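Written out below as structure tokens is the structure these notes cover.
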Amino acid sequence: MTIIQADHIMLNDPAHTRVAHAPEYAHGSAFIHGTYVDLDNAAIPMSDLGFTQADACYDVVSVSKGYLFRLEDHLERFESACRKFQLTNPYSKAETVEILENLIKQAGTKEAYVWWAVTRGFMPDGNDRINPQAYENRFYAFVVPYVFISDDEQRSRGIDVLVSKLFIRIPPKAVDPTAKNFHWMDLKLSLFEAQKAQKEWSVLCDADGYLTEAPGSNIFLIKDGVLFTPDSGCLEGITRKTTLELAKEIGLPLHVERVHVEQLLNADEAFLTSTAGGVMPINSVDDRVLGGKAGPGALTTQLHNLYWTKRWDGWLGTAVDFDTPATV
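The following block contains the structure:
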């Protein structure tokens, strides 16, 4: 079994082709506090605390073949993140969906990366700044053509990753990783560390050497036909959730628990999962080729292919009605 060339299919299959759109939306569309604009002219006020203090939560849902994947799950996770950070979305769930669908239609993207956030907004005067109810929270969103963390070539051979030696993941008691947030400095610096070591991606541990997550993605490993993934210190990824369901579907035993980095180094197979890429096979970790054989393992390949074929069949998808114009 070989890795489905999902990137190639999305770019070339007529069922995935971008529909007609105004030329100003070639790079994407955006929604800035009540106003629809093309992405190139989208701007956030400099004094918004989402910009100055990373005071925000966000989410990302993907569209493929015109289907928003697990939209309700993403909306529920976003609402949960707002509660955890004491933020309030100024739009209802139905209004949020309408905004996102309008942006998709404006951009004409059947293959889309759909991002939205609520920020704290602007600093109130005086002592009110310690009262979360005193802030006017702001909503922002944008849609761009779908982007893979790992392209077809990388997924076909498996990516080479580095376990960060210089950085650990921000502890959950500092910033809750289950609320998708802007606090990316540990993740970003670990990527630069990986690049310096001539690796393609990074993975971070906690202070005790247990795996947490990778930048923008969850980590899985397979050992002796059993699937393992961390149970804490990481985002409760929607693709992670999907992978656990697919593992049950194919009869793959799974353990969601604390996973030490040594287990990853000695795994037979491993992969990352993300909305921006689906299932992404790993070839090597710290120069150790997993399972002693280069390339994606058989079970990883099976999960990868099942993920995309089920999605394109409409599984857990919300169809975007491109025949009905955006209401803006």
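The sequence shown begins at 23 in the numbering used here and counts up one residue at a time. Where a beta carbon is used, it is the ideal one built from N, C-alpha and C, also for glycine. Please read all numbers here as calculations on a predicted model, not as lab measurements.
Alpha-carbon spacing of residue i relative to residue j, whole angstroms
| i | j | result |
| --- | --- | --- |
| H30 | C79 | 32 Å |
| V185 | D147 | 44 Å |
| G339 | K202 | 22 Å |
| H282 | D290 | 15 Å |
| F344 | G130 | 8 Å |
| D62 | T297 | 23 Å |
| I272 | A229 | 34 Å |
| G50 | F107 | 29 Å |
| F161 | K221 | 36 Å |
| T349 | V82 | 22 Å |
| H96 | G299 | 16 Å |
| M302 | I152 | 43 Å |
| E120 | G56 | 12 Å |
| P45 | G72 | 30 Å |
| Y89 | E123 | 11 Å |
| K87 | Y329 | 13 Å |
| P154 | T331 | 44 Å |
| L268 | P318 | 17 Å |
| W223 | L321 | 21 Å |
| G247 | P193 | 31 Å |
| A103 | H205 | 14 Å |
| F53 | I260 | 24 Å |
| V278 | Y58 | 41 Å |
| L125 | V165 | 6 Å |
| F214 | V225 | 12 Å |
| A316 | V183 | 13 Å |
Opening and closing residue of the alpha helix (DSSP H) in which residue i lies
| i | result |
| --- | --- |
| H30 | 28 to 34 |
| V283 | 283 to 287 |
| N305 | Looking at the DSSP string, N305 is not in any alpha helix (DSSP H); the run it does join, the beta strand (DSSP E), is 300 to 307. |
| T74 | 71 to 74 |
| S224 | Per DSSP, S224 belongs to no alpha helix (DSSP H); it is in the beta strand (DSSP E), 223 to 227. |
Span of the beta strand (DSSP E), counted from its first residue to its last, around residue i
| i | result |
| --- | --- |
| R160 | 160 to 167 |
| K245 | 240 to 245 |
| S296 | 291 to 296 |
| H205 | Unbroken run through H205: none, as it is neither H nor E. |
| E235 | 233 to 235 |
| V350 | Run containing V350: none; DSSP gives neither H nor E here. |
| V248 | 248 to 251 |
| I181 | 181 to 185 |
| I54 | 51 to 54 |
Under the three-state DSSP convention, the category residue i falls into
| i | result |
| --- | --- |
| A103 | helix |
| Y80 | strand |
| K263 | helix |
| P45 | helix |
| I126 | helix |
| E98 | helix |
| K210 | helix |
| R40 | coil |
| S86 | strand |
| Y329 | helix |
| G339 | strand |
| L274 | coil |
| L257 | coil |
| I171 | coil |
| I152 | helix |
| I121 | helix |
| T323 | helix |
| A134 | strand |
| D62 | helix |
| A269 | helix |
| A116 | helix |
| A139 | strand |
| R177 | helix |
Candidates the options: closest to residue i by CA position
| i | options | result |
| --- | --- | --- |
| M23 | V350, D253, S114, N327 | N327 |
| I181 | A292, R333, L321 | A292 |
| F242 | A236, T251, T234 | T251 |
| D253 | G299, I304, V119, T200 | T200 |
| N288 | L276, V311, V278 | V311 |
| T323 | D308, T295, K263 | T295 |
| E347 | K245, E101, A42 | With the sequence shown as reference, residue 347 is identified as Pro, and Glu is not the correct amino acid for it. Closest option to P347, Cα to Cα, is A42. |
| R40 | A76, V85, P67 | V85 |
| W138 | I66, P154, V278 | I66 |
| L233 | A103, N149, V140, V307 | V307 |
| I26 | Q176, A103, L125 | Q176 |
| L188 | G238, D174, A219 | A219 |
| C227 | H277, L211, R191, L125 | R191 |
| E133 | N149, F100, R142, P167 | P167 |
| T141 | I171, M68, L93 | M68 |
| A236 | V169, L249, L286 | L286 |
| K210 | G238, K195, A37 | G238 |
Heavy atom of the ligand ATP within 6 Å of residue i beta-carbon
| i | result |
| --- | --- |
| L226 | With respect to small molecules bound, the structure shown includes none, and the ligand ATP cannot be examined in it. |
Cutoff 7 Å: residue i Cβ touching any chain D Cβ
| i | result |
| --- | --- |
| D253 | In the structure shown, chain D does not exist; there is a single protein chain. |
Segment contact, 8 Å Cβ cut-off, at least three pairs: the segment 159 to 173 with the segment 101 to 115: yes
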